[in-house]
Amino acid sequence: MHIRSVRLDELPVLQDIERAAGQCFRDIGMPEIAEDEPLPLGELARYHDAGLAWVVADDADVPVAYLIADRVDGNLHVEQVSVHPDSARRGVGRSLLDHLAAHAGSEGAPALTLTTFTQVPWNAPYYARCGFQVMDDNRLTPGLRKIRESEAAHGLDRWPRACMRRAL
Numbered sequence: 001m002h003i004r005s006v007r008l009d010e011l012p013v014l015q016d017i018e019r020a021a022g023q024c025f026r027d028i029g030m031p032e033i034a035e036d037e038p039l040p041l042g043e044l045a046r047y048h049d050a051g052l053a054w055v056v057a058d059d060a061d062v063p064v065a066y067l068i069a070d071r072v073d074g075n076l077h078v079e080q081v082s083v084h085p086d087s088a089r090r091g092v093g094r095s096l097l098d099h100l101a102a103h104a105g106s107e108g109a110p111a112l113t114l115t116t117f118t119q120v121p122w123n124a125p126y127y128a129r130c131g132f133q134v135m136d137d138n139r140l141t142p143g144l145r146k147i148r149e150s151e152a153a154h155g156l157d158r159w160p161r162a163c164m165r166r167a168l
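Position 110 of the sequence shown, counted from 1, bears residue number 110 in the working numbering, the numbering being contiguous throughout.
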């Protein structure tokens with residue numbers, strides 16, 4: 001498997017990966033997350049155009065995981081990282097996060113940030129193992145506050161969430 005930039009014709013594949021990866025939320029009593037639709041193609045294209053969308057591709061060069069990021073308050077913010085369940089638990093997500101960290105470092109960004117569910121094993125506990133630390137709410141940057149407000153408006157605060165940061 002290798003990491004590369006996503007191609008425009010692969011954007012529907014990213015949606016399929018997201019739908020498949022989201023199904024595990026159904027098993028832990030979060031069916032609303034499992035049923036949440038992935039980002040529309042136009043929004044995914046924005047990440048492609050910004051050069052902030054990568055995939056892990058298998059030996060046939062078919063994407064099995066992806067990561068999209070935004071620039072938020074001088075850091076790179078993980079908007080979404082999803083791994084198809086058939087490729088999970090093989091370090092694929094971690095390799096995407098490490099790839100983003102290297103990219104962020106080359107841009108001079110001091111950190112990676114993300115928002116996540118705190119009580120989902122493959123969310124906050126996983127990210128902590130990948131070097132992220134939970135941020136105190138009173139230390140959030142304006143951009144992170146705006147993201148959290150948008151998430152709350154979308155109903156994601158129904159479950160405990162937090163911002164996390166990985167210093168580079």
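For glycine and all other residues, C-beta sits at the position ideal for the given N, C-alpha and C.
Since the structure is predicted, the reported quantities are computational estimates derived from the model, not experimental observations.
Once the 5 residues before and after Arg141 are set aside, which same chain residues still bring their CB inside 6 Å of it?
Correcting the residue type first, residue 141 is Thr in the shown sequence and not Arg. Within the same chain, Thr141 has close Cβ partners Asp73.
Counting only the same chain and skipping the five closest in sequence on each side, list residues whose C-beta sits under 8 Å from that of Leu168.
Excluding residues within five positions, the ones whose Cβ falls inside 8 Å are Ala101, Ala104, Gly105, Ala109, Pro110, Ala111 and Leu112.
With respect to the beta strand (DSSP E) encompassing Ala69, which residues constitute its N-terminal and C-terminal limits?
Pro63 to Val72 is the extent of the beta strand (DSSP E) around Ala69.
Whole alpha helix (DSSP H) runs in the region 27-52 with 4 or more residues, listed along the chain?
For the region 27-52, whole alpha helix (DSSP H) runs of length 4 or above, ordered along the chain, are 31-35 and 41-49.
Name the residue from Asp98, Ala65, Ala128 and Phe132 whose alpha carbon lies nearest to the alpha carbon of Met1.
That would be Ala65, whose Cα lies nearest to the Cα of Met1.
With a floor of 4 residues, list each alpha helix (DSSP H) that falls wholly inside the region 92-150, ordered by position along the chain.
With a minimum length of 4 residues, the continuous alpha helix (DSSP H) runs that stay inside the region 92-150 are 92-107 and 124-129.
Given a threshold of 16 other Cβ atoms within 10 Å of its Cβ, counted over all protein chains shown, does Glu149 qualify as buried or as exposed?
Exposed: under 16 other Cβ atoms inside 10 Å.
Expressed to the nearest angstrom, what Euclidean distance is found between the alpha-carbon atoms of Ile68 and Leu97?
Cα to Cα, the separation comes out at about 10 Å.
Could you pull out every residue in the same chain whose Cβ sits closer than 8 Å to the Cβ of Leu144, ignoring the five residues on either side in sequence?
Correct list, in chain order: Val72, Asp73, His77, Thr113, Thr115, Met135 and Cys163.
Taking Gln23 as part of the beta strand (DSSP E), name the residues at either end of that continuous run.
That residue, Gln23, is in no beta strand (DSSP E); it is neither H nor E in DSSP.
With a Cβ-Cβ cutoff of 9 Å, do Arg139 and Asn75 count as a contact?
No, the pair does not count as a contact, with Cβ atoms beyond the cut-off.
So, are the CB atoms of Ser5 and Val56 less than 9 Å apart?
Going by C-beta atoms, Ser5 is not nearer than 9 Å to Val56.
Helix or strand or just coil, what does DSSP make of Arg166?
If DSSP states are grouped into helix, strand and coil, Arg166 belongs with the strands.
With a CB to CB cut of under 6 Å and the five nearest residues on each side skipped, what residues in its chain are close to Asp58?
Within the same chain, Asp58 has close Cβ partners Met1 and Val64.
Tell me which residue opens and which closes the beta strand (DSSP E) that Glu10 is part of.
Element bounds for Glu10: n/a, residue is neither H nor E.
Following the continuous beta strand (DSSP E) through Leu76, name the residue where it begins and the one where it ends.
Element bounds for Leu76: Asn75 to Val83.
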